[in-house]
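Protein chains in written order, with the working numbering: chain A, 1 to 457; chain B, 458 to 553. All remarks here apply to the structure that follows.
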Amino acid sequence: MATITNLVYLLSAALFYFGLKNLGSPKTARHGNGLAMLAMLLAVIITLLSRQILDFTYIIVGLVVGSLIGIIVAKKVQMTAMPQMVALFNGLGGAASTLVASSEYFQLSTQPEMNVLATLALSIFIGTITFTGSLIAFAKLQGLMKGAPITYGGQHILNGIMVVGTIVLGTLFVMEPDNFNLLLGILVLSAILGVTSVIPIGGADMPVVISLLNSYSGLAAAATGFVISNNVLIISGALVGASGLILTNIMCVAMNRSLTNVLFAAVGTESDDSGGGSTEKKQVTRYTAEDAVVIFDNAESVIIVPGYGLAVAQAQHALQEMAQILMDRGMNVRYAIHPVAGRMPGHMNVLLAEANVSYDLLEEMDAINDDFKNTDVVLVIGANDVTNPVARYKKDSALYGMPILNVDEARTVMIIKRSLSPGFAGEENPLFYDEKTMMLFGDAKKMVTEIVQVLKG
Amino acid sequence: MSDVILMSIYIFVLAIFIGFEVITKVPPLLHTPLMSGSNAISGITVVGALLSTGAGHTTLATALGLFAIIFATVNVVGGFMVTDRMLDMFKKEKNK
């Protein structure tokens, strides 16, 4: 029976691999997800049949309750809340690893092997950090706590001490497994570390954090796999751990910031939408929807640059309506998606897909950046830092070196924003004061809807 | 170091290499569903939770295992459904 179980586990792992692989193309992505679901189902079923399970009552209860909660939450969540949902689910996965490891602790044989004890402690460490860290990420994105970094003197040293402390406790635990307090100590320190590691990171950097925590939850699963010698946990955990790490790296490269900078440099200020940010009084002219339409009437090409503000205002449907009208008039309409626009990589893509924007109109930054100089109009909606030219030359800016979209090379730039306030990097955008820039102040959804009405009427 | 542990380490290391290979080829377009999907896969912990709870040992161990099952199942079911919702929205322009 064990052989069959392990063979099915191998099949599951293979299906996970193909599942992730198929997620690589929009045509096969849905199949990829389906394969992964099948893999999970196989792993669960063969485990239930493996005769290692004696008591089914609690299992049924657990599976049913978990499924119900998962289904209800998944159906009701708004697309804009997707990033924090991923964070929450991820946190639960981390907690599950901790709980399994804890349960295993109370089922240990009288002479547990050293590697079992070591991976047990490791499971609890990684799982708990993932759990509390994910909760903080969720709170920041959901607006339950402020997005700005929370810093205090000596925090990195304190975090470092806690990590060392955990390692010490872990080592002691391996030598003295009967001492439950050591394990408890690891749990408490890990929980605190999860919080203190994430609070100094600004809300705008949450995508990187979530991706990293995603990786951790995979590693926690793998560690748990070592504890109970279960191959499917080891393989799948490693797959997820590695994929999360690569994605984190991709995101850091896109921001041109190192991971250490993201995690420790406390970049970002409170995003102040009450309208202040400029210390000097500079001339800015307010334009209206009618002005915008005049420009559209004389333009042949437009590139739309969406940002997080689009998601917040839920303006994606109005935007698609506007784009469709322009396309029906023969205009060339495309979308330029900066790698870190929005709250998660690909966030803008998901948002626009929800509004039925065909995905071949979406262009990545590298593909479209040279086209701005040949474009008549750029419409920036709810995006800021990704268009800020300051990133090219201001060496002491948090944005310096980040590749940006060359919107300033287009003939006319229209920016829809609620106010002149700076983005998360706290950097003023000189683009706002440029002569060829038209600032359209207002809520993104209202402004775009007004433009649509003027276009129609 | 016993053979079993050694084999487990081999598997772990190889799986990491495979993970790297698979992920580098995903376009930014799909990064969010990817994060959501791989997050659902990390719910594989549910297998460990099933084994822990089903072993029928002490009440404490079973209780911990039960909560582990619930959390891991939410992770799995919620994660896959949310990923599916996202992927359902990617469609090419309806030409007919």
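Quick reminder that beta carbons are idealized off the backbone N, C-alpha and C, glycines included.
Looking at chain A, which residues of the stretch 500-515 of chain B have a Cβ within less than 7 Å of any of its Cβ atoms? The stretch 500-515 of chain B vs chain A, Cβ under 7 Å: G500, I501, T502, V503, V504, G505, A506, L507, L508, S509, T510, G511, A512, G513, H514, T515.
Count the other CB atoms within 10 Å of the CB of A238(A); is the residue buried (16 or more) or exposed (fewer)? Along the first sequence, read from residue 1 onward, the residue named residue 238(A) stands at position 238. By the 10 Å Cβ count, A238(A) comes out buried.
Bridge-paired residues (DSSP) for A525(B): For the purposes of this step, residue 525(B) is identified with residue 68 of the second sequence, where counting begins at 1. As computed with DSSP, A525(B) is found in no beta bridge at all.
Please confirm whether D460(B) has its beta-carbon closer than 8 Å to some beta-carbon of chain A. As a working mapping, residue 460(B) is identified with position 3 in the second sequence. For D460(B), the answer is no, since every Cβ of chain A falls outside 8 Å of its Cβ.
Would you say the beta carbon of I303(A) is closer than 7 Å to some non-hydrogen atom of the ligand NAP? The ligand NAP is absent from the structure shown, which contains no ligand whatsoever.
Taking the CB atoms as reference points, tell me whether F402(A) and A289(A) lie closer together than 8 Å. Looking up residue 402(A) in the first sequence gives position 402. Looking up residue 289(A) in the first sequence gives position 289. According to the sequence shown, residue 402(A) is Met rather than Phe. Contact: no.
In whole angstroms, what is the alpha-carbon distance linking V380(A) and I210(A)? One-based indexing of the first sequence puts residue 380(A) at position 380. One-based indexing of the first sequence puts residue 210(A) at position 210. Each residue's alpha carbon lies about 26 Å from the other.
Return the CA-CA distance between R30(A) and S123(A), expressed in angstroms with no decimal places. Translated into positions along the first sequence, residue 30(A) becomes position 30. Translated into positions along the first sequence, residue 123(A) becomes position 123. Each residue's alpha carbon lies about 32 Å from the other.
Indicate whether T128(A) and S190(A) have their beta-carbon atoms separated by less than 8 Å. By one-based count along the first sequence, residue 128(A) stands at place 128. By one-based count along the first sequence, residue 190(A) stands at place 190. At the C-beta level, T128(A) and S190(A) come within 8 Å of one another.
What do you reckon, are the CB atoms on L183(A) and A221(A) nearer than 8 Å? For the purposes of this step, residue 183(A) is identified with residue 183 of the first sequence, where counting begins at 1. For the purposes of this step, residue 221(A) is identified with residue 221 of the first sequence, where counting begins at 1. Cβ atoms of L183(A) and A221(A): not closer than 8 Å.
Could you check what DSSP says for D272(A) in three-state terms: helix, strand or coil? As a first step, residue 272(A) is located in the first sequence; it is residue number 272 there, counting from the start. With a pLDDT of only 37 at D272(A), under 50, the local geometry of the prediction cannot be trusted, and the value read off the model is given with reservation. Note: D272(A) maps to coil in three-state DSSP.
Chain B beta carbons: is any one of them nearer than 8 Å to that of T47(A)? Along the first sequence, one-based indexing puts residue 47(A) at 47. Yes, T47(A) lies at the interface with chain B (some Cβ there is under 8 Å from its Cβ).
Distance, G93(A) Cα to V407(A) Cα: To locate residue 407(A), count along the first sequence from 1; it is residue 407. To locate residue 93(A), count along the first sequence from 1; it is residue 93. Between V407(A) and G93(A), the C-alpha separation is close to 41 Å.
I think M344(A) touches P83(A), with their Cβ atoms under 8 Å apart; what is that distance to the nearest whole Å? In the first sequence, the residue the question calls residue 344(A) occupies position 344. In the first sequence, the residue the question calls residue 83(A) occupies position 83. Confirmed, about 4 Å.
Quick one: is Y105(A) buried, meaning 16 or more other Cβ sit within 10 Å of its Cβ, or exposed? Counting from one through the first sequence, the residue named residue 105(A) turns up at place 105. Y105(A) should be labelled buried.
Own chain partners of I46(A) with C-beta closer than 6 Å, once the 5 adjacent residues on each side are dropped: On the first sequence, residue 46(A) is found 46 positions in, with the first residue counted as 1. So the qualifying residues of the chain are T5, V8.
Buried or exposed (CB count within 10 angstroms, at least 16 for buried), Q320(A): Against the first sequence, residue 320(A) aligns to sequence position 320. Flag for Q320(A) reads buried.
Which whole runs of the alpha helix (DSSP H) in the stretch 207-265 of chain A are 4 residues long or more, in chain order? The stretch 207-265 of chain A contains, as complete alpha helix (DSSP H) runs of 4+ residues, the segments 231-255, 259-264 (chain order).
Quick one: is T279(A) near chain B, going by C-beta distance under 8 Å? Residue 279(A) sits at position 279 when you count from the first residue of the first sequence. Low confidence applies to T279(A): its pLDDT is 45, below 50, so where it sits in the model is not reliable enough to give any reading.
Contacts that L521(B) makes with chain A (C-beta to C-beta distance below 7 Å): Stepping through the second sequence from its first residue, residue 521(B) is reached at position 64. The contacting residues are L99, S102, S103.
For V461(B), count neighbouring Cβ atoms within 10 angstroms of its own Cβ and tell me buried if that reaches 16, exposed if not. Residue 461(B) sits at position 4 when you count from the first residue of the second sequence. Classification for V461(B): exposed.
Would M505(B) and N230(A) be called neighbours here (beta carbons separated by less than 8 Å)? Mapped onto the second sequence, residue 505(B) falls at position 48. Mapped onto the first sequence, residue 230(A) falls at position 230. This sequence places Gly at residue 505(B); Met is not what is there. Going by C-beta atoms, G505(B) is nearer than 8 Å to N230(A).
Could one say the Cβ of I451(A) lies closer than 8 Å to chain B's Cβ atoms, at least one of them? In the first sequence, counting from the first residue as 1, residue 451(A) sits at position 451. Chain B contact via Cβ: absent.
Would you kindly work out how many angstroms separate the C-alpha atoms of D385(A) and T3(A), rounded to a whole number? For the purposes of this step, residue 385(A) is taken as residue 385 along the first sequence, with counting starting at 1. For the purposes of this step, residue 3(A) is taken as residue 3 along the first sequence, with counting starting at 1. Approximately 55 Å between the Cα atoms of the pair.
I want to see whether chain A comes within less than 8 Å of L463(B), judged by CB atoms only; does it? On the second sequence, position 6 is the one that residue 463(B) refers to. By the rule that beta-carbons nearer than 8 Å mark a contact, L463(B) does not touch chain A.
Grab me the residues of M251(A)'s own chain with a C-beta within less than 8 Å of its C-beta, minus the 5 sequence neighbours each way, in chain order. Reading the first sequence from its first residue, position 251 is the one you call residue 251(A). Answer for M251(A): P207, V208, S211, P339, V340, P345, listed in chain order.
Based on the DSSP secondary-structure assignment, which residues constitute the bridge partners of R334(A)? In the first sequence, the residue the question calls residue 334(A) occupies position 334. R334(A) is bridged to I303(A).
Amino acids of chain B, ordered along the chain, whose beta-carbon sits closer than 7 Å to that of I246(A): Taking the first residue of the first sequence as position 1, residue 246(A) is located at position 246. Result: F477, I480, T481.
Around the Cβ of M538(B), are there at least 16 other Cβ atoms within 10 angstroms (buried) or fewer (exposed)? Residue mapping note: residue 538(B) aligns to position 81 of the second sequence, counting from 1. When all chains shown are included, M538(B) counts as buried.
Mind listing, in chain order, the continuous alpha helix (DSSP H) runs of no fewer than 4 residues lying wholly within the stretch 150-190 of chain A? Taking 4 residues as the minimum length, the alpha helix (DSSP H) runs contained wholly in the stretch 150-190 of chain A are 155-175, in order along the chain.
What residues in its chain sit with their C-beta under 6 Å from that of Y335(A), if we drop five residues either side in the sequence? One-based indexing of the first sequence puts residue 335(A) at position 335. Around Y335(A): I304, L361, L362.
Can you name the residues that DSSP bridges to V378(A)? One-based indexing of the first sequence puts residue 378(A) at position 378. The partner list for V378(A) (beta bridge, DSSP) reads I303(A), V413(A).
Quick check on A148(A): buried or exposed, where buried means 16 or more other Cβ atoms within 10 Å of its Cβ? As a first step, residue 148(A) must be located in the first sequence, where it is residue number 148. By the neighbour-count criterion, in which a residue is buried when 16 or more other Cβ atoms sit within 10 angstroms of its Cβ, A148(A) is buried.
Is the CB of I468(B) under 8 Å away from at least one CB in chain A? Locating residue 468(B) in the second sequence gives position 11, counting from the first residue. For I468(B), the closest Cβ of chain A is nearer than 8 Å.
Which value, in whole angstroms, describes the spacing of the CA atoms of L523(B) and L68(A)? Walking along the second sequence from the start, residue 523(B) turns up at place 66. Walking along the first sequence from the start, residue 68(A) turns up at place 68. Between the alpha carbons of L523(B) and L68(A) lies a gap of roughly 15 Å.
From A472(B), T519(B), M492(B), A518(B), residue whose alpha carbon lies closest to that of M543(B): Mapped onto the second sequence, residue 543(B) falls at position 86. Ranking A472(B), T519(B), M492(B), A518(B) by Cα distance to M543(B) puts M492(B) first.
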